[in-house]
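Trainee: Quick one: structure below, then a few questions.
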Amino acid sequence: MELFRKSGRELSAMMLKREISVEDLLRAHLCRIEQIENKVKAFITITEERALKLARELDRQLASGAMDDRLSDLWGIPIGLKDNLLTRGIRTTSGSKMLAEYFPPYDATVVERLTRGGTILMGKTNLDEFAMGSSTENSAFYPTRNPWDLTRVPGGSSGGSAAAVAAGEVVLALGSDTGGSIRQPAAFCGIVGLKPTYGSVSRYGLIAFASSMDQIGPLTRDVTDSALVLNQLIGYDPRDSTSVRRGTEDFTQALITDVKDIKLGVPQEYFEQNIHPEISQLTYKAIRILEKLGAQVEEVSLPHTEMALPTYYILAPAEASSNLSRFDGIRFGKRAHEVTDLNDLYSLTRSEGFGSEVKRRIMLGTYTLSVGYYDQYYRKAQKVRTLIIEDFARVFANFDVLISPTTPTTAFKLQENLQNPLAMYKSDILTVPANLAGIPAISIPIGFDSTGLPIGLQILGKHFAEATLLRVAYTLEQELGLLAKKDWGITR
Ligand code: GLN
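Written out as structure tokens, the structure reads:
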């Protein structure tokens, strides 16, 4: 099997046994980039030279023998980072013209952590501008394409990260998930995407979209790698005021095929959202597999599901309008020239710097936060958010995990939803509730539709129950046996 189809765990074992060098592995992925990147367009910036230098340095350390006992599980592994994660001295655009020439002075906490773990950054991946979107078509640079079918979107907003992993350009990548932006592209690209519990992974150095919902998480080729990345990412960070102190956990311990003690709820409302029949069928099939293995399965109700999307599209733009006020032409990035006064500077910079989806959200958010409409929209949405949180709390009093499809459809065509924001928003209908409640959720591939496009299944859990999610996900992954057959990349 080619190196670019293997998981991080397999590859790091090969490097430890000296079967391949770090540079071999990096070159296999660079070669893949050379073959297909002009079609997929997963990256905004590729850091080839820097990566090669680091790979050679790691090979020297390996040769000196001093490294072995200190090797982390991701040591030497080529990775991608969504371009809304700050990287010191490496251009970080957030998919926007506003930051087209922005070189951050510091690394995000997650970047520090992965660097310490010995991973090799191969580049910054494409995204919808400021992570607003579900297709990566809102990038100010170019859309990314789905490696399984180049006429289709990879999902979004972490579409570049998902496509890069699915196409074998990197072994794994990080994304951010405010309303589904890790899980939805993972589903569309046939890979694993995990959104951790709110507060578990530091947001320091993540360009903020909606701060009460943003979480960073891994996009990987399998569940095992997802656990390995979580081991590195989760941890308290005093620089993020919402960071949680959790005890140290080794998530690889959760990688066992055993669901006998698991109580599994099937939220009925999630199956009533115009889900494509092939997706519901495959989801139910997966649920039956878990039931056969001893999980207790029951239907459950989350009555406020219908309200999740409208609630999200009031709260997320409200927070975004506030967060994006910092892009004023003075403090960061772009500055308009030939202005007559300060107001002119603000409005010209922002008119030129932001794309239309970002402007739409700023206007929506400014409106719902205004004195005249705050009670009617923002405050009401906060109350509904509480109802949604209570829905989950009620169900999780009796159940360990919930299972649903990740998305109502498989990957749609480029342009298909671009002129219709509402249709685009609807692809997140099954993912936004987890962000509103702050609970963890994972999407794993469970098969393909009749046209050969990947289908994702979502597992939701209680706050801090990532280990349970990983256990159920791992069990399903092993039972389905997709990994052996799986043909990553645009081989079709
Ligand atoms: N697609 C959703 C949106 O546009 C979610 C984005 C995200 O999770 N960053 O807001």
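Taking numbering that gives the first Met the number 0 as reference, the numbering of the sequence shown is continuous, increasing by one, and the terminal residue is 491. Beta carbons are placed, not taken as given, at the ideal position from N, Cα and C, and that holds for glycine. If you're wondering where the values come from, they're calculated on a predicted model, not measured in any experiment.
(1) Which runs of the alpha helix (DSSP H) fall wholly inside the region 402-458 and span at least 4 residues, in chain order?
(2) Hey, quick one: how far does the alpha helix (DSSP H) through Gly-122 stretch, first residue to last?
(3) Using CA coordinates, which residue listed in Thr-86, Arg-112, Ser-369 is at the minimum distance from Tyr-514?
(4) For Ile-233, which residues does DSSP report across the bridge?
(5) Can you find a heavy atom of the ligand GLN that lies under 8 Å from the Cβ of Tyr-311?
(6) On the DSSP letters alone, give me the boundaries of the beta strand (DSSP E) that Ser-175 sits inside.
(7) Could you tell me which residues DSSP pairs with Arg-151 in its beta bridges?
(8) Under three-state DSSP, which class holds Glu-478?
(9) Less than 8 Å separating the Cβ of Asp-127 from some heavy atom of the ligand GLN?
(10) I think Glu-465 touches Phe-250, with their Cβ atoms under 8 Å apart; what is that distance to the nearest whole Å?
(11) With a cut-off of 8 Å on the beta carbons, I'd call Pro-432 and Ala-285 a contact; round off their distance for me.
(12) Below 8 Å, is the gap between the Cβ of Asn-377 and the nearest heavy atom of the ligand GLN?
(13) Let me make sure I understand the geometry here. Which of Arg-182, Thr-135, Met-131 has the alpha-carbon closest to that of Leu-429?
(14) What three-state label does DSSP hand Ile-387 in the structure shown?
(15) With H, G and I counted as helix, E and B as strand and the rest as coil, what does DSSP make of Thr-44?
(16) Specify the secondary structure class of Asn-145 as computed by DSSP and reduced to three states.
(17) Check Thr-310 in the structure and name its three-state DSSP category.
(18) What are the boundary residues of the beta strand (DSSP E) that includes Gln-295?
(19) For Ile-215, list the residues DSSP reports as bridge partners.
(20) Can Asp-427 be considered in contact with the ligand GLN, in the sense that its beta carbon sits closer than 8 Å to one or more heavy atoms?
(21) Please go through the same chain and pick out, in chain order, the residues whose beta-carbon is closer than 6 Å to the beta-carbon of Tyr-275, but skip the five residues on each side of it.
(22) Relative to the C-alpha of Ser-11, which candidate in Leu-73, Arg-220, Leu-98, Ser-95 has its C-alpha closest?
(23) Is Gly-158 helix, strand or coil when you go by DSSP?
(24) Under three-state DSSP, which class holds Lys-81?
(25) In three-state terms, what does DSSP make of Val-400?
(26) Taking the C-alpha atoms as reference points, what is the distance between Thr-474 and Ser-449?
(27) Which whole-angstrom value is the C-beta distance of Thr-96 and Lys-412, which I expect to be below 8 Å?
(28) Going by DSSP in three states, Leu-265 sits in which element: helix, strand or coil?
(29) Within this structure, are the beta carbons of Ser-134 and Pro-146 separated by less than 9 Å?
(30) Which of helix, strand or coil does DSSP assign to Arg-4?
(31) Taking 6 Å as the limit between beta carbons, can you name the residues of its chain near Gly-364, skipping five residues before and five after?
(32) With DSSP as the reference, please indicate the residues paired to Thr-86 in a beta bridge.
(33) With distances taken Cα to Cα, identify the nearest neighbour of Ile-19 among Ile-32, Arg-31, Lys-5.
(34) Are there 16 or more other CB atoms within 10 angstroms of the CB of Glu-136, so buried, or fewer, so exposed?
(35) Helix, strand or coil: which one does DSSP assign to Val-243?
(36) Buried or exposed for Thr-124, going by 16 or more other Cβ atoms inside 10 Å?
Mentor: Walking through what the data contain:
(1) 420-424, 431-436
(2) No alpha helix (DSSP H) contains Gly-122, which is instead part of the beta strand (DSSP E) from 119-124.
(3) Residue 514 cannot be examined here, being either before or after the span of the chain that is shown, 0 to 491.
(4) Val-200
(5) yes
(6) 171-176
(7) Lys-412
(8) helix
(9) yes
(10) 6 Å
(11) About 20 Å; that fails the 8 Å criterion.
(12) Looking at the sequence shown, residue 377 is not Asn but Tyr. It does not: the Cβ of Tyr-377 is nowhere closer than 8 Å to a heavy atom of the ligand GLN.
(13) Arg-182
(14) helix
(15) strand
(16) strand
(17) helix
(18) 295-299
(19) Ser-175
(20) yes
(21) A small fix is needed here, since residue 275 is His in this sequence, not Tyr. Excluding sequence neighbours, His-275 sits near Thr-408.
(22) Leu-73
(23) helix
(24) strand
(25) strand
(26) 25 Å
(27) Here residue 96 turns out to be Lys, not Thr, going by the sequence shown. Rounded, the Cβ-Cβ distance is 26 Å, inconsistent with contact.
(28) Note that residue 265 corresponds to Val in the displayed sequence, not to Leu. Strand at Val-265.
(29) no
(30) helix
(31) Pro-316, Ala-317, Ala-319, Ser-320
(32) Ile-89
(33) Lys-5
(34) buried
(35) coil
(36) buried
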